[in-house]
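Working notes, beginning with the structure itself.
Protein chains: 2
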Amino acid sequence: MDKNSYIGVFDSGIGGLTVAKEIMENLPNENIVYFGDTAHVPYGSRSKRQITQYVLSDVKFLSRFEIKAVVIACNTADSVAREAVEEAYPQLPVFGVVAPASRMAAEKSKNGRIGVIATKATVASKAYDRAIAAIAPEAVVLSKACPLLVPLVENGRFQPGDPVTQMVIREYLEPLVQDGIDTLILGCTHYPLLMDIIRECYPDLQLISSSEAAADTLRKSLEKDDMLSDNEGGQHRFFVSDDAAGVEDVARLFMRRELNSSIEQVTVE
Amino acid sequence: MDKNSYIGVFDSGIGGLTVAKEIMENLPNENIVYFGDTAHVPYGSRSKRQITQYVLSDVKFLSRFEIKAVVIACNTADSVAREAVEEAYPQLPVFGVVAPASRMAAEKSKNGRIGVIATKATVASKAYDRAIAAIAPEAVVLSKACPLLVPLVENGRFQPGDPVTQMVIREYLEPLVQDGIDTLILGCTHYPLLMDIIRECYPDLQLISSSEAAADTLRKSLEKDDMLSDNEGGQHRFFVSDDAAGVEDVARLFMRRELNSSIEQVTVE
Chain A
1 MDKNSYIGVF DSGIGGLTVA KEIMENLPNE NIVYFGDTAH VPYGSRSKRQ
51 ITQYVLSDVK FLSRFEIKAV VIACNTADSV AREAVEEAYP QLPVFGVVAP
101 ASRMAAEKSK NGRIGVIATK ATVASKAYDR AIAAIAPEAV VLSKACPLLV
151 PLVENGRFQP GDPVTQMVIR EYLEPLVQDG IDTLILGCTH YPLLMDIIRE
201 CYPDLQLISS SEAAADTLRK SLEKDDMLSD NEGGQHRFFV SDDAAGVEDV
251 ARLFMRRELN SSIEQVTVE
Chain B
1 MDKNSYIGVF DSGIGGLTVA KEIMENLPNE NIVYFGDTAH VPYGSRSKRQ
51 ITQYVLSDVK FLSRFEIKAV VIACNTADSV AREAVEEAYP QLPVFGVVAP
101 ASRMAAEKSK NGRIGVIATK ATVASKAYDR AIAAIAPEAV VLSKACPLLV
151 PLVENGRFQP GDPVTQMVIR EYLEPLVQDG IDTLILGCTH YPLLMDIIRE
201 CYPDLQLISS SEAAADTLRK SLEKDDMLSD NEGGQHRFFV SDDAAGVEDV
251 ARLFMRRELN SSIEQVTVE
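Top line first, the protein sequences correspond to chains A and B. In case it helps, this note's numbering puts the first sequence at residues 1 to 269. In case it helps, this note's numbering puts the second sequence at residues 1 to 269.
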């Protein structure tokens, strides 16, 4: 494997660009190929069988490129189908979002009471509970599926002061806050965009972005294995399985900047 | 074609059961086969190309049965891909939801100002504008894409008094009401469940359920063509492409009663 090969990043849709963005900022010399499975988004409410099938086809697409690592940028996919990827691609280093965010939360929590907000499938998988228990067995994990947050974010409703989003956030988070969490994992790629509005509602909570944690873990691992690219500046390519109207606008929203390359539409099985 | 053949009904997911329910109540002797494409739900935010591909595969699945008519129970599919179905199956009577709801609204509106709420894809297709213009050229159509309503309904947030749903409904509908609509088409299969809460917010609006209108049109057409079943009581079969946890609960929600048959999972391309 060549250190200048691509890092493959995939997600059920566009949300994983929050992970890609962190990788680009942390590792500006890396070549990155991003695939968003917008023909099948969202994964979070589907069955394990179906999610696994979609995830394997996502990785198959990325493996058309020469890739030195794959990043599962979707919390649902990482929670539900990571083992299937590792089994199908035993030679490929697989990175995710759940373990990095769990580690960061366990380090930062002072009282050992950690909240997790995520999709239904992620919460049902108990992947965060297992990952945190493996690092900090004494920690208490309080999880909450928040199915309305993805549609709110996708419709741009993440500005501080948005009354609908504030009401929904308070409804989801109040029980966890009452139960004494001091740290909250944003366990879905869409949620980093909600940081400001969550802070507005709960200024004392320590927020952990799974996207930021994932990029941090990837960087450390590539450094350790001497697999950092020695390019000057990286190439970025973006692919989606359905090019619905406005996909570039949504991408800009998640990247919080212009893309440096256009988004290409590809057909996957 | 046999009058005791099945009526095939399909939708992007479970929402089309609001149409199936109206058909069952209007036409209790009909055999009905329902297909919900839950592996690809929702259609409303996808591209025309992608929606058309999914819709053709839905009808292909239904055509495994002997069917005397197909009902496109999804407003998005009917708006975007109806012509593709008619082209691919020229022998098959195709019924939809857009034309029946448009006719009913044009008949009931007193001031000719008709509101339409629907998914992004349905609104972008202008299918309701065209259908209403064909029946009542002088009518004014005011459309509004309401992308947060489907997730709210799917999460059971349609009870009168729900503060989040009330706030979202007011935000979407207030401009249409200010513009003087007296009639509102609920142009998405999920929206009939919102009738009570919309009435709570806007008691003077005349609400047109596309699901109810579709069943009414189907009944009249089968009567006219002497194609009503002469069975005593009909058989109902339910299929989905992904059997995510809780699919039967969601189905019960949309049917507002128990299903008289279990839901089977099938794989479609």
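A virtual CB, placed ideally from N, CA and C, is assigned to each residue, including glycine.
The straight-line gap separating the alpha-carbon atoms of R130(B) and S79(B) is approximately 10 Å. Take T38(B), set aside five residues on each side of it, and the residues of its chain with a beta-carbon closer than 6 Å to its own are G13, V240, S241, D242, in chain order. Taking C-beta atoms under 8 Å as the contact rule, V19(A) and V140(A) fail to qualify, at a distance of about 27 Å. Nearest to L62(B) by C-alpha distance, out of G36(B), K48(B), S47(B), T76(B), is G36(B). Around I32(B), the same chain offers Y6, I7, V9, A20, I23, M24, G234, H236 as residues with beta carbons nearer than 7 Å, after the five sequence neighbours per side are excluded.
Contacts with chain B (Cβ-Cβ distance below 7 Å) from the segment 11-40 of chain A involve A39, H40, listed in chain order. Measuring C-alpha to C-alpha distances from T165(B) to each of I72(B), A69(B), C201(B), G187(B) identifies C201(B) as the nearest. For S47(B), the neighbours in chain A by C-beta distance under 8 Å run, in chain order, D242, D243, A244, A245. Boundaries of the beta strand (DSSP E) harbouring T183(A): 183-187, taken from the DSSP string.
Per DSSP, S143(B) lies in no alpha helix (DSSP H); the unbroken beta strand (DSSP E) holding it starts and ends at 140-145. Put simply, the CB of N155(B) is near chain A, with a gap under 9 Å to one of its CB atoms.
Of all residues in the segment 102-124 of chain A, those with a C-beta nearer than 9 Å to a C-beta of chain B are K120, A121, A124, reading in chain order. Going by beta carbons, T119(B) and P175(B) fall outside the 9 Å limit.
In summary, the residues of the segment 163-176 of chain B whose CB is separated from some CB of chain A by less than 9 Å are P163, V164, M167, V168, E171, in the order they occur in the chain.
Listed along chain A are L148, P151, L152, N155, R157, V164, each with a C-beta nearer than 9 Å to that of L148(B). In the structure shown, the three-state DSSP call for Y128(B) is helix.
Taking a C-beta distance under 9 Å as the contact criterion, L184(A) and L207(A) qualify as a contact pair. In the DSSP annotation of this structure, the continuous segment of the beta strand (DSSP E) that includes R113(A) starts and ends at 113-118. Taking the beta carbon of Q50(A) as reference, the chain B residues within 9 Å of it are T38, A39, S241, D242, D243, A244, listed in sequence order. Taking C-alpha positions only, M255(B) is separated from V247(B) by approximately 12 Å.
The count of Cβ pairs closer than 8 Å, one atom from the segment 146-166 of chain B and one from the segment 85-105 of chain B, stays below three, leaving the stretches out of contact.
G8(B) is bridged by DSSP to V33(B), V70(B). Every unbroken stretch of the alpha helix (DSSP H) spanning 4 or more residues and falling wholly within the segment 71-108 of chain B is given here in chain order: 75-88, 98-108. Assignment of I14(B) by DSSP, reduced to helix, strand and coil, places it in the coil class. Between the alpha carbons of L173(B) and S143(B) lies a gap of roughly 10 Å.
When DSSP states are grouped into helix, strand and coil, Q50(B) belongs to the helix group. Pairing S210(A) with Y128(A), the inter-Cα distance amounts to about 11 Å.
For Q159(A), there is no enclosing beta strand (DSSP E), since its DSSP letter is neither H nor E. Taking C-alpha positions only, L17(B) is separated from L152(B) by approximately 17 Å. Of E212(B), Q178(B), A213(B), G161(B), the smallest CA-CA separation from I198(B) is found for G161(B). Here A73(B) is near T189(B), since their CB atoms are less than 9 Å apart.
Assigned with DSSP and collapsed to three states, S209(A) falls in strand. It is roughly 27 Å from the alpha-carbon of L56(A) to the alpha-carbon of N260(A). In this structure, I51(B) and A99(B) do not form a Cβ contact; the two beta carbons are roughly 18 Å apart against a cut-off of 8 Å.
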